[in-house]
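Reviewing the structure listed below.
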Amino acid sequence: MRLRSAFTAVLGAGLLVAAVPSSASAASGQFRYDYVTVEGYEATGFLNDPPSDLCLNLHGVGEENPEPGHSPKNRTDAWATVYTGSNCEGDSFRLRPLTGGGSERLKVRSVLFD
Numbered sequence: 009m010r011l012r013s014a015f016t017a018v019l020g021a022g023l024l025v026a027a028v029p030s031s032a033s034a035a036s037g038q039f040r041y042d043y044v045t046v047e048g049y050e051a052t053g054f055l056n057d058p059p060s061d062l063c064l065n066l067h068g069v070g071e072e073n074p075e076p077g078h079s080p081k082n083r084t085d086a087w088a089t090v091y092t093g094s095n096c097e098g099d100s101f102r103l104r105p106l107t108g109g110g111s112e113r114l115k116v117r118s119v120l121f122d
């Protein structure tokens with residue numbers, strides 16, 4: 009009888025752990041930024057549903073392009089911290105969820121969502 013009670017308790021605890029939702033691993037929405045390509049063309053980069061807690065180097069504005077991106081728009085449901093350097097280094101600025109944005113003066117090369 010005790011063995012059955014112990015088994016039931018362990019099974020119940022396991023089901024409770026499985027039922028508790030985990031924290032979200034991605035921001036929902038879109039992050040946008042503008043940049044000039046190495047060929048001199050205006051372009052817009054974007055990230056759809058970007059992962060959280062992971063530094064993301066922005067496409068088109070890395071080491072191969074001397075010009076950083078600019079005018080970031082955070083349309084995700086998470087806070088975004090943009091950085092002037094690659095690998096989330098350099099000066100940073102926080103953009104609020106859904107409505108955060110910056111002008112052409114805000115230069116970006118990487119972003120972190122939290």
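Each residue of the sequence shown is one higher than the one before, starting from 9 at the first, in my numbering.
Just so it is clear, CB atoms sit at the ideal spot from N, CA and C, and this is done for glycine as well.
- Residue state for Asn65 is assigned as strand, using DSSP reduced to three classes.
- For the set Glu72, Arg40, Ser111 and Ala35, the Cα lying nearest the Cα of Asp61 is the one of Ala35.
- Burial check for Ser118: the Cβ neighbour count within 10 Å reaches 16 or more, so the residue is buried.
- Cα atoms of Gly48 and Leu114: separation of roughly 19 Å, rounded to the nearest angstrom.
- Taken through DSSP and simplified to helix, strand or coil, Ser111 comes out as coil.
- When the Cα atoms are used, Thr107 and Asn95 turn out to be separated by approximately 24 Å.
- In this structure, Pro58 sits near Phe39, with a CB-CB distance shorter than 7 Å.
- DSSP places Ser94 within a helical segment (H, G or I) once states are collapsed to three.
- Residue environment for Pro74: exposed (fewer than 16 other C-beta atoms within 10 angstroms of its C-beta).
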